[in-house]
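**Q**
Chains as they are written, first to last, in this note's numbering: chain A, 1 to 173; chain B, 1001 to 1173.
In C-alpha cells, the structure reads:
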C-alpha cells in the first residue's frame, strides 16, 4: 500500500500538472498536450533586467521583465532561438499615479508600480514543452498558479511572435 | 614643464568636475560645494531591479531603476538612511508605443522602451557628498556626464524627499 502511494506520488511529481489534465486511462494525444509551468523558478527576483513594459487596454499594467543568466546571455548575443534553460520572468504591477512624486514635481506626471498583480514565466525546454513551441508558460497570482484555462491563453498569443522565438520583450540597453 | 603638466592632470583627476567650478584662487566655501558623479559606476547594467517608473509631463520617459548589492540589501531590509556604498541607477528610455505588439493584441495598448535617453546615478558617501545630503548625483547622456548646470538640478528636487533619504523610487516586490 505504501509502495503504491509512493509510486503515485512519484508519477505526480514527474508529470506535474499533466496528470491533472489526462484522464486516468490516458489519451492518444498526451504527447502533444501543453505542459505548464506550475512552480515558480527560485531566485527570479535576483535576475537581471531585460526591459520594462506598460500595457494599457484593460490591463493598466507595469512590467519589469527579468531573465536568468541563460536569458541575458542569449539576449545580449542576439541568440535565436533562445537555448534550453532560458527563463524569462515578467513581474506585473498595477500602474498607479504617484501623488507623492507629483507633489514634488508640481504636476501630475509620475506613475509607479502599485500592488503586484501577477508574475509570468517562459521556460525554454524544447523537449518538455514541445507542444508549445519549446516554451513552458507559467502564470502566478499571489504565488499560486492560475487555472489551466488561463494558462492556455499564453501560447496562442506568443505564437504570433514567431520571428523572435515567441518572445515579445526586446532587450533594453 | 612635463612635471607641471602631470601635476595639473593629477589635480584634475582628483578633483573631478570640481576643478571647473572653483576659481583658480580657491574659494572659502569649497568644502560645501557640490561634488558630482562624473564616472559611470562599472557593471551597473548587471545590478538587480529596484523598480520601474514612468514620467509624463515633458518627459514621456520609461525608467528601470537598478541597485548595487548595498542598495538592494538596504531596500529589502528597510534601512534608512541608505548606507555608504549604496548606488542607485535610473536607466531612462523614451516611452514609445509598440506597433508590433499592438498588432498582435488587436488594439493600441502596448508601450515599450525606445531609444535610451540618459542614465542617472545616486551614490551614497556621506563624507564625499556631504554638501548634497550624502548623495552624489550623476547624469549621463551617451555615456558622457552632462554639464554642471544640469547636474545641479538633481539635488534640490531629491532634497524634498527627506523622509526617504532623498530617494524617490520605492522597492517593487
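Even glycine gets a Cβ: it sits at the ideal position worked out from N, Cα and C.
All of these numbers come straight from a predicted model, not from anything done at the bench.
What span of residues does the alpha helix (DSSP H) with residue 68 of chain A cover, start to end?
**A** Unbroken run through residue 68 of chain A: none, as it is neither H nor E.
**Q** Of the residues B:1033, B:1088, B:1055 and B:1034, which one's Cα is nearest the Cα of residue 1045 of chain B?
**A** B:1088
**Q** So, under 8 angstroms CB-CB, residue 101 of chain A and residue 1168 of chain B are touching, yes? Tell me the CB distance rounded to an integer number of Å.
**A** 6 angstroms
**Q** Express the C-alpha separation of residue 1128 of chain B and residue 135 of chain A in angstroms, rounding to a whole number.
**A** 49 angstroms
**Q** How would you list, in chain order, the residues of chain A whose beta-carbon sits under 9 angstroms from the beta-carbon of residue 1101 of chain B?
**A** 53, 55, 161 and 168
**Q** Give me the Cα-Cα distance between residue 1086 of chain B and residue 1138 of chain B, rounded to the nearest whole angstrom.
**A** 14 angstroms
**Q** Less than 7 angstroms separating the Cβ of residue 1162 of chain B from some heavy atom of the ligand GDP?
**A** The model on display carries no ligand, and the ligand GDP is accordingly not part of it.
**Q** I want to see whether chain A comes within less than 8 angstroms of residue 1110 of chain B, judged by CB atoms only; does it?
**A** yes
**Q** Listing by chain order, which chain B residues have their CB less than 9 angstroms from the CB of residue 157 of chain A?
**A** 1104 and 1105
**Q** Please specify which runs of the alpha helix (DSSP H), each continuous and at least 4 residues long, are wholly inside the stretch 33–115 of chain A, giving them in chain order.
**A** 69–77 and 99–105
**Q** What three-state label does DSSP hand residue 176 of chain A in the structure shown?
**A** Because chain A spans 1 through 173 in this model, residue 176 of chain A falls outside it and cannot be assessed.
**Q** The beta strand (DSSP E) spanning residue 1134 of chain B covers which residue range?
**A** Per DSSP, residue 1134 of chain B belongs to no beta strand (DSSP E) and is neither H nor E.
**Q** List the endpoints of the continuous alpha helix (DSSP H) containing residue 163 of chain A.
**A** Element bounds for residue 163 of chain A: n/a, residue is neither H nor E.
**Q** Does any CB atom of chain B fall closer than 8 angstroms to the CB of residue 90 of chain A?
**A** No, residue 90 of chain A does not count as interfacial toward chain B.
**Q** Can you name the residues of chain B whose CB is closer than 9 angstroms to the CB of residue 75 of chain A?
**A** Here the premise fails: no neighbours, minimum Cβ distance about 11 angstroms.
**Q** For residue 120 of chain A, which of helix, strand or coil comes out of DSSP?
**A** strand
**Q** Pick helix, strand or coil for residue 173 of chain A, following the three-state DSSP scheme.
**A** Note: residue 173 of chain A maps to coil in three-state DSSP.
**Q** Can you tell me where the alpha helix (DSSP H) with residue 149 of chain A in it begins and where it stops?
**A** 148–152
**Q** So who's on the other strand from residue 156 of chain A, going by DSSP bridges?
**A** Answer is none; residue 156 of chain A lacks a bridge partner.
**Q** Just confirm the distance between the C-beta atoms of residue 180 of chain A and residue 64 of chain A, as a whole number of angstroms; I'd bet it's less than 8 angstroms.
**A** Residue 180 of chain A cannot be examined here, being either before or after the span of chain A that is shown, 1 to 173.
**Q** Measuring alpha carbon to alpha carbon, tell me which of A:147, A:52 and A:162 ends up nearest residue 1097 of chain B.
**A** A:52
**Q** Using a beta-carbon distance below 8 angstroms, is residue 1062 of chain B in contact with chain A?
**A** yes
**Q** Using only CA atoms, which one of B:1106, B:1152 and B:1121 lies nearest to residue 1042 of chain B?
**A** B:1121
**Q** So that I know if they touch, is there some Cβ in chain A lying closer than 8 angstroms to that of residue 1044 of chain B?
**A** no
**Q** For a contact meaning CB atoms closer than 8 angstroms, what does residue 174 of chain A contact in chain B?
**A** Nothing can be reported for residue 174 of chain A: it is not among the residues displayed for chain A, which extend from 1 to 173.
**Q** Considering only residues of the same chain and omitting the five flanking positions on each side of residue 55 of chain A, which have a CB-CB separation below 6 angstroms?
**A** 61
**Q** Kindly give me the distance between the Cβ atoms of residue 1133 of chain B and residue 1155 of chain B, rounded to whole angstroms, as I take these residues to be in contact under 8 angstroms.
**A** 7 angstroms
**Q** Which one of B:1108, B:1113, B:1082 and B:1076 has the shortest CA to CA distance from residue 1162 of chain B?
**A** B:1082
**Q** At a Cβ threshold of 8 angstroms, is residue 1049 of chain B touching chain A?
**A** yes
**Q** Using a Cβ cut-off of 7 angstroms, pull out every chain B residue sitting near residue 66 of chain A, in sequence order please.
**A** Within chain B, the residues near residue 66 of chain A are 1049.
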